[in-house]
Structures are given as structure tokens and as C-alpha cells.
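First the structure, in the form of C-alpha cells, and then the observations on it.
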Amino acid sequence: MPDNQYKFPSLPPNVYSIQDAGKTRLATVNMVPGTRVYGEKVVNSNGIEYRLWSPYRSKLAAMLEKGMIVPVVPNSRILYLGAASGTTASHLSDIVSGGMVFAVEFAPRVMRDLIDVCSQRKNMVPILADASRPALYKAIIGQVDLIYQDVAQRDQAGIANINARECLKPGGYLIMVIKARSVDSTVNPKMVFQQELEKLDDEFEVIDTKILEPFHRDHLALVARRKDHKQLASEDTNCL
Ligand SMILES: C[S@@+](CC[C@H](N)C(=O)[O-])C[C@H]1O[C@@H](n2cnc3c(N)ncnc32)[C@H](O)[C@@H]1O
């Protein structure tokens, strides 16, 4: 019987733990029963179809396995940067159900698969664009509650900052995965993580970080909240 308490006390709404072949696995309710996105296993229970969610295939699932609290709720509007063919984005689509996932990807080869996934899901929009140029898509998406970023790029913090300024509500959240080797393969990953975290300082307050071993090597996941600059300015004035 699925529940969202056992083993994972901090699962967000609409994420479940399922007993499968003697193991406790993460799962989401399939928004499009009878279909799969990336060959994932599906399990039926009480007439509901669940898609198992592997932490080895998805860094967001790895974050949940590591006990991180992720700020995703039903009805969230999410800007997803680096959606690839939609593996993790499709689970977010299951989770936010009444919300929206704007899936940005710049590689035409995976974009074809992403378009197929989005065409079956009423809350996923594919956007063929470079995530370092949000001015090109901000008019389509408006303000979002959450940015999820997983781009293998050198300037990962810079991409998060510019997207936050253009598209993220003040007080909105960032979930980001930093891939050390994409930033600088010659430097110790811990140094790379520290440098990228410092670059987020102006725009974000970092709430939690975790290395994603053993699921993903040399990756740091973080959850951060966008600073409300107007509120901070009025607090400063009040102190005068
Ligand atoms: C590690 S994969 C993402 C996997 C995906 N997040 C998942 O869990 O299903 C990184 C993706 O980011 C895309 N990417 C890298 N730089 C990008 C950029 N500047 N703009 C848009 N997409 C980018 C790559 O083409 C690749 O598909």
C-alpha cells in the first residue's frame, strides 16, 4: 500500500513510497496512465497507476532519498532549466498536477523527445531556448514559484541568478544541481561547489545542500530562497 511517510518523513505532497520487490521506492501518480516516459516501471495499486522514480535516473529523486526537503507543492509554477528528454520534468508534472512546468532545453536532438512527452501532459510546455538568455522566454512564462536547474554548464550560478531576476517571484525557490566537472574539471569539486554557492549570495539565501553520492558523482544539490530585495531595503530604512 503506497504511503508518503515510511522511510521518507519529508516527502512533498503527491510523492509516495512504494514497496516493490522487497525495496522501498519513490513513486508519483502517473498523470497519463498506460504511458511511460523513459521505460520506468509502473505499479498499480487500488486502481491507481504509480511510476517508480529512481534516484539513479533523477537528481531530484536522489535529493529526496538523501532526506532533503524540496519546496514543490501541487499548483506550483515551475521553470525547469535543462529538461533533456523530460525524465525528471515528467515526475514534476505528476506532482504539481494543477500547476505548470515550463521545460527549457537547447539541444534539438532531445527536444524531439521532450515535445512528445509534453504533448501528452496538459501541464508541461516545451521551450527550445538557451537557459542563459531568459529574456527570450520570460514573456511566455511570466513569474514562477520555483526554478529547477540541472544544466551541465560552466556558469551554473550565473544562469540561476539571471533567471531568478527575470522570472522568479521574490521569496520563490531555487532547486539546483551543480555538476563540478562542468564548471571546472581541474579543481577539487568541493572548491567548485563553494565558489558557485558564493556566486548565489546576492540573489539567494541557501537553505540546504547535499552531495548526491552514491547516486550521482561530483554533484551538489541545493535548495535556496530568493531574497526579497524590496523588503530588505524597507527593513534597512526602518533601522535608520
Ligand atoms: C544533465 S542533463 C538534464 C537531465 C534532466 N534534468 C533530468 O533529470 O531528466 C542537462 C541538460 O541541460 C541541457 N543544457 C545545457 N546547457 C543548456 C542551456 N544553456 N540551455 C538549455 N539547456 C541546456 C543539455 O542539453 C542537457 O539536456
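For the sequence shown, position 93 (counting from the first letter as 1) is numbered 119 according to my numbering, and the numbering increases by one without interruption. The C-beta atom is built at its ideal place from N, Cα and C for all residues, glycine as well.
Under 7 Å: does the beta carbon of S145 sit that close to some heavy atom of ligand 1? No, since every heavy atom of ligand 1 falls outside the 7 Å radius drawn around the Cβ of S145.
Exposure label - V249; buried when at least 16 CB within 10 Å: buried
Mark C116 as exposed unless 16 or more other C-beta atoms lie within 10 angstroms of its C-beta, in which case mark it buried. Per the sequence shown, residue 116 should be read as Ser rather than Cys. Looking at its Cβ environment, which holds 16 or more other Cβ atoms inside 10 Å, S116 is buried.
With 16 as the cutoff for other CB atoms within 10 Å, does P134 come out buried or exposed? exposed
Please confirm whether any heavy atom of ligand 1 lies closer than 7 Å to the CB of V127. It does not: the Cβ of V127 is nowhere closer than 7 Å to a heavy atom of ligand 1.
Go ahead and label Q175 buried or exposed: buried means 16 or more other beta carbons lie within 10 angstroms of its beta carbon, across all protein chains shown. buried
Just curious, the alpha helix (DSSP H) that G184 is in, first and last residue? Q182 to C193
In whole angstroms, what is the alpha-carbon distance linking T114 and V63? 10 Å
What does DSSP give as the partner residues of D106 in its beta bridges? First, the amino acid is wrong: residue 106 is Tyr here, not Asp. Note: Y106 sits in a beta bridge opposite A129 and Y174.
Near ligand 1: G108 beta-carbon under 7 Å from a heavy atom: yes
Rounded to a whole number of angstroms, what is the C-alpha to C-alpha distance between L140 and S84? Roughly 15 Å between the two C-alpha positions.
Would you report the Cα separation of P100 and F230, rounded to the nearest angstrom? 23 Å
Look up V249 in the DSSP assignment and say whether it is helix, strand or coil. V249 falls in the strand class under three-state DSSP.
Unbroken alpha helix (DSSP H) run spanning K33, endpoints: No alpha helix (DSSP H) holds K33; DSSP gives it neither H nor E.
For T235, the nearest candidate out of M202, A183 and M217 (CA to CA): M202
Beta-carbon spacing of L78, E66 below 8 Å: A contact, by the Cβ cut-off of 8 Å.
Taking C-alpha atoms, which residue in I121, E131 and D171 lies nearest to S158? E131
Got a sec: does ligand 1 put a non-hydrogen atom nearer than 7 Å to the Cβ of F34? no
Which of helix, strand or coil does DSSP assign to L140? When DSSP states are grouped into helix, strand and coil, L140 belongs to the helix group.
Is the beta carbon of K205 closer than 8 Å to that of H245? Yes; because the gap between Cβ atoms is below 8 Å, this pair is in contact.
To the nearest angstrom, report how far apart N72 and F128 are at their CA atoms. So the two alpha carbons sit approximately 31 Å from each other.
How far does the alpha helix (DSSP H) with D120 in it extend, from its first residue to its last? T113 to V122
By DSSP, does P196 sit in helix, in strand, or in coil? strand
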